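Report on the following structure.
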């Protein structure tokens, strides 16, 4: 079994809104970079499969050479190899084409896992496009994966609940967060070992970008003035709150 | 004149018997020694710089804490009882040795004033004192205070108390029988008194002979039994205290990770402690020496709020492992992971320990192993740790940007060669909105006092939270980055707002090659006031001061913040103060811990509020945050402030 | 613009997509997924009983090409995200996901960086696939029903083993006019009971932040936020929720946020209309009593 996990290095997704600024329509470069929120869930899911079924785990990324030290975390967590396609596009088609190229080179990947969406562009479509390029099937919002006699059984979350699906083909799965795939903290020995692991850097390829022009990116103004209710007597506070909510016709 | 071995035939046999007895005694001690030798060698030999040290031994401590047992007297009655038994028995033993010397080398001890005042009066007094002490200990064990029995009690004390008492009582009986038979000895007040109750017409000489042998046998038996009973503390405790580094705090040191870097493989040393055998010899000696007196349990903020941790439980468990030779077993399985993470590293346990055991270091070494080798840490701590690793600050989910605290202030950036002090802001004052006010106040104070200072262009963290959470690796990484930055900027003097930063800079950075002059903000403020560079409005307000553990207990900085407060109003002390301060609950990474049950910060907040002072002052951002939260349970008023905030608000302008 | 909606038979969601379709041109056609009557009157409607989106893509692409649909409208749900990327690649069409604003001049906006910024795009001629974020468009009223042409699926590669519909007691989150949400500050799963009690009195739905879901206190279906349910209630009670930007993105369209948090510095107060700085354990029981008194 060979599993590939796609991980993208993104600017700190926890930067508070007040401190957020753009430079050239993208997050300012001063923010710390890290592996995306859901991508870490995907890495964790991959490691659990590796531990359970003895799979080989390849970490595949597309981005800058500078991101290597950050991506090593995925190796320290339990990934076996790291492949980075060098490139700086954030077009989903270009990214998918480059990832496809890398996966074709790595060969024999049975299952591709990716976080449900990157933590910068928040698109959640690259993995779908990639699956189509690879000719794999694709399932979104997967929270649990099991394997038994050539068959994958997966749990999919959706708005009204969840379902259990089964398939035997190669697939790309988008992974959502659950309490079962909280990213582990790598142990120190693994961090040190990960620093020595070779990284395969692949030259990016050109591909046709999406035909949709980005006109601009703006930071929305969030203006809200909070009225703090008096706390001397909580009973009174509750009454004031209900009265105010009615007054302003919210209730 | 007294005749040794009077009325006893073949009395010298007792001296002959002493030979095997001492053989047993020393072989018993040797078995302790052999166990302790199984620990890792970590004793640093040679003369220390700060303390007078010969080999691994701290000379001053040999006389104070070790021989005199000065720390025992912090509990007056127990201390007194211990002192009576110890000095009583010491004098009686000396008496016995003198008798022996009289027999062997004819030392004239039974003559004149020496016989009168020492051999007669002195020894009787010593016996009575020791008996009084033993009675206290007997009652104490019969009706034990909580600290002795929670969570468990060390056994084996009753036989020792009984045996000692029996030796003294038979000694007195012997003396009385001799007096009854051969006439009063002027200064032997006990002997003369008891002799009065002995009927004149019995076989006194026979009784005397029996009691003499009995007394001799039990005394020798006692000596042989010492290494196999808690009485071995007579030997171990002085050794343990003499070997304990007298500097305050657990002295965690830094781990040299370069040894891990060479080869992957089996021979890599463990990070922290997993098995009992991973501890240093000094730690094993700690465990072996511990009497389970529970003075640490009594002061531990975790134990006192019903958390799973008790330092006594930890050391007692480790002692049991040691007694059972379980060197390859993992004590954390018994101690529990929760307990290991409950430790706030406040070091109150060490401070209370009469025999200088380093409990926090043992706890932290187990924690290091859990974090670095097993990646097991509570969820909130792991979030803080993750953030520290990724963002270089532990305040995950903060709503503040790195420059928010500077809004509206024109703060100079440290300029190499021009600026004197680096104002080290630290993580809390940068990323927590409440703590930001400390940094803002300090900037205004420094400007008012025209101190030459600057900040770093990009905020940094000392790495101390990583160290406290047990990740020495991340700490070292961050510390090295900082040292590199400081070196490139030529920074030599630092002002810290946070005692944890101060502690790391002064204790751990030098070991990594970073030598700086570091001054905590409370000390600098106090100095500036003393030098009349800050003029303050004094009022009738009263302040109580919560001593941050990392200032008072761990670095013995107690007076400067108090002087600053006294320049503004009246100082009121809390019951637990200075080196005996009670932790706010936020240390050891426990600022990021799930709070359930009795909360440490609320206990401390209650104690502070009970002083009825107008305001509660502290000098640590974490203490500030914990107490601010703790006070909320009892009052809506804003009561808790950092010393810098208080001073800044009371600056005389112009 | 010839537009096709692909959506489950859920009138509210279809209604939202119809609204979007109308902004871009005339009323779109519908491909309804699942069983049941087709709500609303459509020029042309298709129906497919297969509900596993991954099995649909081949037939969908064929249908779209045959009928020359230009704009494909999906909701930004599991179904939509499962179809959008693959369909886009198949049709070589741009895919814009999580759209929150659509203008007749063929520009759309979508949030990026966890909602901290908004990007605007110009849709070109030719195929385009949009997934629309829930609760940003007023659903069009769907009257009557339509007859549907059946769309059949060949060789499905994925089998459905079981379906677990979580019964959210009472009102559904996304339909709710009032939502009572709990966060990590709730402390444990049992404490959500008090929120359920309060919700019962207000005819409200109960939600949760990602923190509470990650703790395993409540099922993921209750999650409100960028990656959970996007909601737009009149009143949103945030109890013990700190207000991470991902959470705020999910309540961007809530009209009035009431925050109950003992940490006065909590980010949620920056979004809230009314703030109560108190431990919810003290305040919520009092509020419940006040609500009972009123009834």
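Residue numbers (my numbering), protein chains in the order written: chain R, 1 to 251; chain P, 1001 to 1654; chain C, 2001 to 2295.
Even glycine gets a Cβ: it sits at the ideal position worked out from N, Cα and C.
In this text, all values refer to a predicted model and were calculated from it rather than measured experimentally.
1. Quick one: using the 10 Å Cβ neighbour count with 16 as the cut-off for buried, is residue 1276 of chain P buried or exposed?
2. So with CB distances below 7 Å, who are the chain R contacts of residue 1325 of chain P?
3. Assuming residue 1257 of chain P and residue 1462 of chain P are in contact, meaning their beta carbons sit under 8 Å apart, how far apart are those beta carbons, in whole angstroms?
4. Within the continuous alpha helix (DSSP H) that includes residue 1468 of chain P, where are the two ends?
5. Starting from residue 1421 of chain P and walking both ways along the beta strand (DSSP E), at which residues does that stretch end?
6. Of all the alpha helix (DSSP H) runs that stay within the bounds of the region 1070–1145 of chain P, which reach a length of 4 or more residues?
7. Decide if residue 8 of chain R is buried, meaning its Cβ has at least 16 other Cβ atoms within 10 Å, or exposed.
8. Could you pull out every residue in the same chain whose Cβ sits closer than 6 Å to the Cβ of residue 1046 of chain P, ignoring the five residues on either side in sequence?
9. My guess is that residue 80 of chain R and residue 61 of chain R are in contact by the Cβ rule of under 8 Å, so how many angstroms apart are they, rounded?
10. Report yes if the C-beta distance between residue 2230 of chain C and residue 2174 of chain C is below 9 Å; otherwise report no.
11. Whose Cβ in chain R lies nearer than 9 Å to the Cβ of residue 1591 of chain P?
12. Would you say residue 2048 of chain C faces chain R, with C-beta separation under 9 Å as the test?
13. Measure the CB-CB distance between residue 1297 of chain P and residue 1147 of chain P and report whether it falls below 9 Å.
14. With residue 2237 of chain C as the anchor, note down where its beta strand (DSSP E) starts and where it stops.
15. Any C-beta of chain P sitting closer than 9 Å to the C-beta of residue 2255 of chain C?
16. Pull up the distance between the alpha-carbon of residue 1149 of chain P and that of residue 1138 of chain P, whole angstroms please.
17. If you drop the 5 nearest sequence neighbours on each side, which residues of the same chain put their C-beta closer than 8 Å to that of residue 2176 of chain C?
18. Following the continuous alpha helix (DSSP H) through residue 7 of chain R, name the residue where it begins and the one where it ends.
19. Leaving out five residues before and five after residue 120 of chain R in sequence, what residues of the same chain have Cβ atoms less than 7 Å from its Cβ?
20. Run through DSSP, which three-state label would residue 2081 of chain C get?
21. Short of 8 Å in beta carbon distance, which residues of its chain neighbour residue 1420 of chain P, apart from the five on each side in sequence? Order them along the chain.
22. Is it buried or exposed for residue 3 of chain R, if we count other Cβ within 10 angstroms and need 16 for buried?
23. Spell out a yes or no on whether the region 1494–1501 of chain P and the region 1359–1372 of chain P are touching, meaning 3 or more CB-CB pairs, one atom from each, closer than 8 Å.
24. Please list, in chain order, the chain C residues whose beta carbon lies closer than 8 Å to that of residue 1434 of chain P.
25. Going by DSSP in three states, residue 1224 of chain P sits in which element: helix, strand or coil?
26. Residue 2016 of chain C: buried (16+ other C-beta within 10 angstroms of its C-beta) or exposed?
27. Pick out the complete beta strand (DSSP E) segments inside the region 2033–2063 of chain C, 3 residues or longer, and give them in chain order.
28. What are the residues of the region 158–186 of chain R that lie near chain P, defined by any Cβ-Cβ distance shorter than 9 Å?
29. Does the region 1398–1408 of chain P come within contact of the region 1426–1435 of chain P, defined as at least 3 CB pairs closer than 8 Å?
30. Across which residues does DSSP place residue 155 of chain R in a beta bridge pair?
31. Scan the region 2196–2211 of chain C for residues whose Cβ lies nearer than 7 Å to a Cβ of chain P and list them as they occur along the chain.
32. Are the beta-carbon atoms belonging to residue 151 of chain R and residue 178 of chain R less than 9 Å from one another?
33. With 9 Å as the threshold, decide whether the Cβ of residue 18 of chain R is near any Cβ in chain P.
34. Along the alpha helix (DSSP H) that carries residue 1385 of chain P, what are the first and last residues, could you check?
35. Leaving out the 5 sequence neighbours to the left and right, which residues in its chain are closer than 7 Å to residue 1048 of chain P when beta-carbon positions are compared?
Put simply:
1. buried
2. Neighbours of residue 1325 of chain P on chain R: none; closest Cβ ~29 Å, over 7 Å.
3. The Cβ separation is near 18 Å, so there is no contact.
4. 1464–1468
5. Per DSSP, residue 1421 of chain P belongs to the beta strand (DSSP E) from 1421–1424.
6. 1076–1105, 1123–1142
7. Buried, since its Cβ has 16 or more Cβ neighbours within 10 Å.
8. Because residue 1046 of chain P sits at a pLDDT of 44, beneath the cut-off of 50, its placement in the model cannot be relied upon, and the following sentence gives the value as read from the coordinates. Excluding positions up to five away in sequence, the list is empty.
9. Incorrect: roughly 14 Å between the Cβ atoms, too far for contact.
10. yes
11. None at all; the shortest Cβ gap to chain R is about 18 Å.
12. no
13. yes
14. It spans 2235–2239 - the beta strand (DSSP E) in which residue 2237 of chain C sits, taken as one unbroken run.
15. Closer than 9 Å: no.
16. CA-to-CA, the gap between residue 1149 of chain P and residue 1138 of chain P works out to about 15 Å.
17. 2204, 2205, 2231, 2233
18. In the DSSP annotation of this structure, residue 7 of chain R is not part of any alpha helix (DSSP H), being labelled neither H nor E.
19. 10, 11, 27
20. helix
21. 1451, 1452, 1453, 1493
22. buried
23. no
24. 2265
25. helix
26. buried
27. 2045–2048
28. If the cut-off is 9 Å between Cβ atoms, the region 158–186 of chain R has 182, 183, 184, 185, 186 near chain P.
29. The region 1398–1408 of chain P is in contact with the region 1426–1435 of chain P.
30. According to DSSP, residue 155 of chain R bridges with R/144, R/164.
31. none
32. no
33. yes
34. 1379–1391
35. Per-residue confidence for residue 1048 of chain P stands at a pLDDT of 45, beneath the threshold of 50, marking its modelled position as unreliable; the derived number appears in the next sentence. Once the five neighbours on either side are set aside, residue 1048 of chain P has no close Cβ partner at all.
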